[in-house]
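**Q** Dumping the structure here so I can ask a few things about it.
Protein chains in written order, with my numbering: chain A, 93 to 149; chain B, 7 to 366.
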C-alpha cells in the first residue's frame, strides 16, 4: 500500500475504534502521520519498526 | 541589445501552472539574431570574435545590474547544477563546518554527504535557526524554497562564508550583504535552459574545487547566443513581474481562500506574507496526487507535485517531510506573469470537482 491509502484506511478504522495499530512500510507514512495528526487533532506514537499506535482525541 | 516594441506571445501557456515556462517571447524574437552575431570565440582577436566579446560584456552588464553584483563577478555555467559544488566546496577549508538546511536541494544534500554537513532543521512555517558560525564556516542558504515558495529570512548574524542558492528566485530576491558565492538559474526568468549564472564575491578566499590550470572558474564551453538571450529574458521577465506582481498576489490569496473555504482538509505551505506570490504548494488530505495530476491533465491543466505517488523513486518530497507538511495529495503551482484570473477560476472550479470525486 502506498500513499495516501494507509492514511485513508487509518481514518476509516478510527471512525469505529478509539485506538488503531497501523502497520505500514510505505516511506511516506511517518511524515504523513505527523501532518495528519496535526490537521485532524489525533495522536500517534511509534511503537515498533513500521508500527504505529493511533488514538483519536 | 534592446527589447523595446510590442512582443507577441507565441507559445500560449494558459492553464499551465507547472514550474517550467517557454523561452520569454522577447528572447525568442532575438535568438536567431543572437546566433548570427555571437557565434565566434570571444577570446580570439578577429572581427567576429571581438564582436562576440563585446556582446558577452553587454550581457554581463545586464546580469550585474539585475542581480546586484559587479559585471566582473559574473560568470556562466553551461551546467547550472555544477554551481552547487563551485559555490560551496570552493570556500571550505580544513576545520570548516558546513551548515545546510533540511529543505535545501538534493545537490546540497550530496555535497553535505561529501563534507560531513550539519543539517539545520526547518519549522512548519519554514523558519530556520541559523548559527552564528566562525569565519571559516560555510552556510548554504536558499533565497527561497522552490517547492513551497517560502522566502528564507536572511542569515545576517552568520559570520562565516555564505553560499547563496538563488536558483529558484532569480532576480526576485536581493543578495544578502554577506554573500560569498551565488548561483542563479536562467530558467527562473524564462531564459533558456542549461545556463547558470555564478558569482564569487571575493576571489582571494575562493579555491577552484575542479581540476584546473588557469584562473577561469569553469572551462566548460559557453554559448554566447544563449547568454545574450538569457540577458534579454531577464530584463523582460523582471519588467513583466513588476507589472504583474500585485495581480499574482491577488490570485495567490484567492487560491488560498478557496482551498480553505471550498475544498477543506488542506495543508497549505506558508502564508501569502511568507511566500513569493508566484509559487504555491498545498496538500489535500486523502488524495492520491498521481490521480489528481492525471485528472487535471485530462482537463488541460498542468501542475507539479511533490508527493511520492507522483515521483519516480516513490519517495515523498524531502522538503514537505522536513517541514512536517502533508506529503500526499500535494500540488505545486507556479503562477506565471501571463496567468489570468480566468485561468485561476477555471483551475479552482475543476480542482473542486475532481477532489470531491476522488474523496468519495
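Idealized CB from N, CA, C, for every residue including glycine.
1) Hey, out of B:67, B:66 and B:43, whose CA is closest to residue 56 (chain B)'s CA?
2) I'd like to know if residue 105 (chain A) contacts chain E, where contact means its C-beta is closer than 9 Å to some C-beta of that chain.
3) Can you tell which of B:342, B:241, B:335 and B:90 has the C-alpha that lies nearest to the C-alpha of residue 214 (chain B)?
4) Tell me, please, which residues DSSP counts as bridged to residue 147 (chain B).
5) Could you tell me if residue 345 (chain B) is buried or exposed, where buried requires 16 or more neighbouring beta carbons within 10 angstroms of its beta carbon?
6) If I follow the unbroken alpha helix (DSSP H) through residue 97 (chain A), where does it start and stop?
7) According to DSSP, simplified to helix, strand and coil, what is residue 280 (chain B)?
8) Does the beta-carbon distance from residue 83 (chain B) to residue 92 (chain B) come in below 9 Å?
9) Could you tell me whether the segment 99 to 118 of chain B touches the segment 232 to 246 of chain B, where touching means 3 or more Cβ pairs closer than 8 Å?
10) Going along the chain, which residues of the segment 98 to 127 of chain A sit with their C-beta nearer than 9 Å to a C-beta in chain B?
11) Taking any Cβ of chain A, which residues in the segment 142 to 168 of chain B have a Cβ under 8 Å from it, in chain order?
12) Given a threshold of 16 other Cβ atoms within 10 Å of its Cβ, counted over all protein chains shown, does residue 276 (chain B) qualify as buried or as exposed?
13) Between residue 145 (chain A) and residue 113 (chain A), how many whole angstroms is the CB-CB distance? I'm expecting something under 8 Å.
14) Please state whether DSSP places residue 42 (chain B) in a helix, a strand or coil.
15) Three Cβ pairs or more, each shorter than 8 Å: is that satisfied between the segment 241 to 252 of chain B and the segment 206 to 224 of chain B?
16) Do we get a CB-CB distance below 9 Å when we pair residue 314 (chain B) with the residues of chain A?
17) Below 8 Å between beta carbons is the criterion; list the residues of the segment 323 to 334 of chain B that meet it against any residue of chain A, in chain order.
18) Report the partner residues of residue 60 (chain B) according to the DSSP bridge assignment.
19) Comparing alpha-carbon positions, which option in B:292, B:34 and B:88 lies nearest residue 111 (chain B)?
20) Would you call the segment 292 to 309 of chain B and the segment 201 to 208 of chain B in contact, with 3 or more CB pairs under 8 Å?
21) Rounded to whole angstroms, what's the CA-CA distance from residue 325 (chain B) to residue 333 (chain B)? Just pull it up for me.
**A** Straight from the coordinates:
1) B:43
2) In the displayed structure, chain E is absent; the protein chains listed are A and B.
3) B:90
4) B:170
5) buried
6) 97 to 108
7) coil
8) yes
9) no
10) 99, 100, 103, 118, 119, 120, 122, 123, 124, 126 and 127
11) none
12) buried
13) 6 Å
14) helix
15) no
16) yes
17) 326, 327, 330, 331, 332, 333 and 334
18) Answer is none; residue 60 (chain B) lacks a bridge partner.
19) B:88
20) no
21) 9 Å
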